[in-house]
Amino acid sequence: PPVIHREDYRPPEWLVPQIALDFRLGIDATHVTAKLSVTRNPAGEGGSTLRLNGDQIAPLAVRVDGEAVNDWRLDGSDLLVALSGEAHEVEVETAMNPAGNSQLMGLYASNGMLCTQCEAEGFRRITFFPDRPDVLSTYSVRMAGDKAQFPILLSNGNCTATGENADGTHWAQWHDPWPKPSYLFALVAGDLVANHAQFITQSGRKVDLNIWVRAGDEQRTQHAMDSLIASMKWDEQAFGREYDLDLFNVVAVSDFNMGAMENKGLNVFNTRYVLAEPETATDADYDGIESVIGHEYFHNWSGNRVTCRDWFQLSLKEGFTVLRDQLFSADMGSEPVKRIEDVRTLRGGQFPEDSGPLAHPIRPDSYQEISNFYTATVYNKGAEVIRMMRTMAGTERFRQGTDLYFDRHDGEAATCEDFVKAIEQGTGLDLTQFRLWYSQAGTPQVSVSLTHEGDVATLTLAQTVPATPDQADKQPMPIPLRIALYDRDTGCHAGERLIVLDKAKESFAFGGFARLPVLSINRGFSAPVAIEFERDAEDLVFLAARDDDPFARYEAMQSLVVQHLVAAVGGGLADAERAAGRAAIGKAFAAIIADEALDDLMRGELMMLPTVAYLAEQVLVADPYAIHEEREALKHWLGGELASELTALHDRVSAVPYGRDAAARGARKAKAQALILIASGDAAEGAARAIAQYRAADNMTDRQSALTVLCNLEGPERDEALADFHQRYQGNALVIDKWFQLQASCFHPQVLNHVKALAGHPDFTLSNPNRVRALFMSLALNPKGFHDVSGEGYRLIGDLIRRLDPLNPQTTARFVPHLGRWRRIEPVRAAMMRAELEAIMAQGELSRDVREQVGKSLG
Ligand code: B3K
Ligand code: ZN
19 PPVIHREDYR
29 PPEWLVPQIA
39 LDFRLGIDAT
49 HVTAKLSVTR
59 NPAGEGGSTL
69 RLNGDQIAPL
79 AVRVDGEAVN
89 DWRLDGSDLL
99 VALSGEAHEV
109 EVETAMNPAG
119 NSQLMGLYAS
129 NGMLCTQCEA
139 EGFRRITFFP
149 DRPDVLSTYS
159 VRMAGDKAQF
169 PILLSNGNCT
179 ATGENADGTH
189 WAQWHDPWPK
199 PSYLFALVAG
209 DLVANHAQFI
219 TQSGRKVDLN
229 IWVRAGDEQR
239 TQHAMDSLIA
249 SMKWDEQAFG
259 REYDLDLFNV
269 VAVSDFNMGA
279 MENKGLNVFN
289 TRYVLAEPET
299 ATDADYDGIE
309 SVIGHEYFHN
319 WSGNRVTCRD
329 WFQLSLKEGF
339 TVLRDQLFSA
349 DMGSEPVKRI
359 EDVRTLRGGQ
369 FPEDSGPLAH
379 PIRPDSYQEI
389 SNFYTATVYN
399 KGAEVIRMMR
409 TMAGTERFRQ
419 GTDLYFDRHD
429 GEAATCEDFV
439 KAIEQGTGLD
449 LTQFRLWYSQ
459 AGTPQVSVSL
469 THEGDVATLT
479 LAQTVPATPD
489 QADKQPMPIP
499 LRIALYDRDT
509 GCHAGERLIV
519 LDKAKESFAF
529 GGFARLPVLS
539 INRGFSAPVA
549 IEFERDAEDL
559 VFLAARDDDP
569 FARYEAMQSL
579 VVQHLVAAVG
589 GGLADAERAA
599 GRAAIGKAFA
609 AIIADEALDD
619 LMRGELMMLP
629 TVAYLAEQVL
639 VADPYAIHEE
649 REALKHWLGG
659 ELASELTALH
669 DRVSAVPYGR
679 DAAARGARKA
689 KAQALILIAS
699 GDAAEGAARA
709 IAQYRAADNM
719 TDRQSALTVL
729 CNLEGPERDE
739 ALADFHQRYQ
749 GNALVIDKWF
759 QLQASCFHPQ
769 VLNHVKALAG
779 HPDFTLSNPN
789 RVRALFMSLA
799 LNPKGFHDVS
809 GEGYRLIGDL
819 IRRLDPLNPQ
829 TTARFVPHLG
839 RWRRIEPVRA
849 AMMRAELEAI
859 MAQGELSRDV
869 REQVGKSLG
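Each residue of the sequence shown is one higher than the last, beginning at 19 in UniProt numbering.
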């Protein structure tokens, strides 16, 4: 497959200022007429051929300026039309079968309704068009369809006219006044009901808000609506961004490749990020809805009003919008807890990507299939990179930078360079060297040493950016680090400072210390780097108990556990050392459980042990199974050692009644963590508490955390709870997803047999991405199941990839990186993982998506 290079960007030859689309809708046959007003682009090279992209569609008729023409031809799947003048009207008819569209790209059917997904290159599956983000058009859309089947007809912008025909069909005409690229086009037709509300913008514009769902689901949309209203208000206050249409529609669909899509004025959402009520949605589900609703809404400015010139600039809209949604969620809830969660996501998903065969800069240089680049690097590291600029500039100056960016590029298709330039000019920062964050892949490793002489403490920092595919040599990058130095005697520090390490190695001296201070570094996770600092457990216990930066406190706790587990797995611990390591961790845990100044939400965070994936990142070649076992052994020890503290905590928080307030949510989080450790220490006590919690639960958070624990255990309580859960929530797809997910992610000895059986369960289907992920992504993320020494876990994922690829390449390709990590896994397992990738490659017909990922993973 051809490789597309960022350097090869050329402006489009033809522009399309206007497009009129006419749809005759049908579930298995939809007919489309597209009328494009095209004009020659003065910035183009002057060719006379108009290239319109297509994908699995055929031109049924081609007309130029109203006349049927013959001088068109197909080049692969693109349509080439010869044009003589400077401006023409080009009309093309196409037809497609939405019900047969299992890729869920373009126009497809889901649950009896029709909907679209165009980003990145789905519009070309609907009609022929220059399907690239730097071609902006004003859209007029007319659609007609059976009124009983599709009572609701939606597209972008405003509805300008509707009418009925004698044959039982009806039609609607939509117009979007804002020019947009084709990837933001959307159409929805179906039997839907709306939760309706109104929002008045800061300048007084009345906006109608609708959240469209299947009848019966409308009671589950209030949290999404509240989140939408909060997002609209927040973007006015935090970024000065106001909504620009009189209507904002959100539609929930059950078959969707990702979370949601920011189509102008018509966001399409995976049901999982819309529907919630306490009985069926966990606190994490509620948070997910708030952040995705915010994210898609914020795209109206960072993405839609200012879009991307080409797909290499994806982080321009995605990194920035992730940062915006993170700041929004932090303002809505607990800022430190949100920061910890975001860092956990980054380390769990992006760090492994950055150290593996698929590593790429946040602004990639090349791709085969753009869908493969909607990655944790582009999104989450992209957000971190922009966050660093904000940290260096300060909130107010950063706002001047973003104001300048929006102002300067409104209505344009911009680049990452445009963004950096605007931030540079708006904030006054010199970002010359900082631009390396856009071009270099790999997680910088910062090694730290702290020495003391006289009354001066000297901090020496050295950075290396590891080699990544296609990038052998790296240059030092500016790394902003928030630090504090604690006086051992007073337990205080004299104020936090921001230092910027911009050389390979640099020392910083600090006076006024009679003894070696305790260093708190990368506070708030001010830079997305790995800190290498071998330190005494005593110092970590000190920071875990008292650091005034909540993230740093969490980090100290994590480091304490990481240092211990890495040493234990490496076989380097004598019995006495293991006992000492555990004792230090136990002491820190006890302090966290006892600390009355801590809120329970933060307590719950601090009690979470680092994931196996993150632990595996700490060593060059990992045995994930051994790490898992050692981690379980530590949990078993902690559960026994702190049994009375944990049961007291579990009792206390269990008495807090259900509520959506921070205190009650914190209680549920601490409850879940306490129960996990209690069950690790004493299976019988854990089972008794978990089944009692399960039976008494009046909300999904408690019910799910109880079931999570029961799933790991053998015994009648497990079977009882699983059967009850399935029966109780039959027909609620999102909750049945949880039922699959819990069983595939647990540490039960028979987990692989359970997964195999579940793949044959009548509720399982390959055609619904949520269900596929619930079963198989959970397995791929389960260290015990996936890395079972039999190789069965790898085989199950390999089989899935082979079977799902012909149906849905985009969802399939997401599974490949899990096998692709073989180089960082111990040799016996690595050979089996590699063999699985080779078996996939050997299958003749692979999608471009899977071929790219497997090819790169085999290297
Ligand atoms: N922009 C979409 C992602 C589209 C992914 C297409 N493969 C959702 C989002 O990031 O908001
Ligand atoms: Zn996005």
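Here a beta-carbon is modelled for each residue, glycine too, at the ideal position from N, C-alpha and C.
Since the structure is predicted, the reported quantities are computational estimates derived from the model, not experimental observations.
Residue i, DSSP secondary structure in three states
i	result
Lys-53	strand
Phe-531	coil
Trp-319	coil
Glu-435	helix
Asp-194	strand
Cys-729	helix
Leu-818	helix
Phe-794	helix
Phe-782	coil
His-23	strand
Glu-85	strand
Gln-418	helix
Tyr-504	strand
Ala-476	In the sequence as presented, Ala is not what sits at residue 476; that position holds Thr. It is a strand residue.
His-470	strand
Val-355	helix
Met-114	strand
Asn-267	strand
Glu-109	strand
Residue burial classification, residue i (beta-carbon count within 10 angstroms, cutoff 16)
i	result
Lys-399	buried
Gln-581	buried
Pro-498	buried
His-23	exposed
Arg-91	exposed
Asn-771	exposed
Gln-828	buried
Thr-783	exposed
Arg-649	buried
Thr-300	buried
Asp-755	buried
Gln-368	buried
Val-846	exposed
His-669	His is not the amino acid found at residue 669; the sequence shown has Asp there. The residue is exposed, with fewer than 16 neighbouring Cβ atoms inside 10 Å.
CB-CB length for residue i against residue j, believed under 8 Å
i	j	result
Asp-264	Arg-323	Not quite, the Cβ-Cβ distance comes to about 16 Å (not below 8 Å), so this is no contact.
Asp-194	Gly-175	3 Å
Val-466	Phe-551	4 Å
Phe-543	Phe-526	Actually they are not in contact, since the Cβ atoms of Phe-543 and Phe-526 sit about 19 Å apart, beyond 8 Å.
Lys-565	Ala-574	A small fix is needed here, since residue 565 is Asp in this sequence, not Lys. That belief holds up - the Cβ atoms of Asp-565 and Ala-574 are roughly 6 Å apart, short of 8 Å.
Lys-492	Gly-460	7 Å
Leu-122	Val-110	Not confirmed; about 24 Å, so no contact.
Ala-688	Leu-667	6 Å
Tyr-397	Glu-336	5 Å
Val-206	Leu-172	4 Å
Leu-760	Thr-726	6 Å
Ile-819	Phe-833	5 Å
Worksheet item: Which parts of the stretch 197-249 are runs of the beta strand (DSSP E), unbroken and 3 residues or longer, counting only runs that do not cross its ends?
Response: Restricting attention to beta strand (DSSP E) runs no shorter than 3 residues, the stretch 197-249 encloses them at 205-208, 211-218 and 224-231, ordered along the chain.
Worksheet item: Should the stretch 335-346 be regarded as contacting the stretch 242-259, the criterion being three or more beta carbon pairs within less than 8 Å?
Response: Result yes; three or more Cβ-Cβ pairs closer than 8 Å.
Practice prompt. Pick out the complete alpha helix (DSSP H) segments inside the stretch 271-330, 4 residues or longer, and give them in chain order.
Written response: 301-316
Worksheet item: Counting Cβ pairs, one atom from each stretch, are 3 or more of them under 8 Å apart for the stretch 690-709 and the stretch 726-741?
Response: With the cut-off at 8 Å, the stretch 690-709 and the stretch 726-741 touch.
Worksheet item: Can you list the beta strand (DSSP E) stretches of 3 or more residues lying completely in the UniProt domain "Aminopeptidase N-like N-terminal" (119-202), in chain order?
Response: 124-128, 131-135, 155-164, 170-173, 176-182 and 187-198
Worksheet item: Taking contact to mean at least 3 C-beta pairs separated by less than 8 Å, is the stretch 69-82 in contact with the stretch 39-46?
Response: no
Item to complete: Only counting runs of 4 or more residues, tell me where the alpha helix (DSSP H) segments fall wholly within the stretch 375-414, in order along the chain.
Response: DSSP runs (the alpha helix (DSSP H)) wholly in the stretch 375-414: 400-411.
Practice prompt. May I have a chain-ordered list of the alpha helix (DSSP H) segments no shorter than 4 residues that lie completely inside the stretch 564-609?
Written response: 568-587
Worksheet entry | the stretch 688-698 / the stretch 655-662 touching (three or more Cβ pairs under 8 Å) | They touch, by the three-pair rule.
Worksheet item: Contact between the stretch 504-515 and the stretch 446-465: three or more CB pairs below 8 Å?
Response: Contact check between the stretch 504-515 and the stretch 446-465: fewer than three CB pairs, one atom from each, fall below 8 Å, which does not count as touching.
Worksheet item: Does the stretch 421-432 come within contact of the stretch 314-334, defined as at least 3 CB pairs closer than 8 Å?
Response: yes
Fill in: Given 8 Å, three or more beta-carbon pairs between the stretch 44-62 and the stretch 182-193
no
Worksheet item: Does the stretch 632-640 come within contact of the stretch 593-611, defined as at least 3 CB pairs closer than 8 Å?
Response: no
Practice prompt. Tell me, please, whether the stretch 795-812 touches the stretch 599-611 by the rule of three or more beta-carbon pairs shorter than 8 Å.
Written response: no
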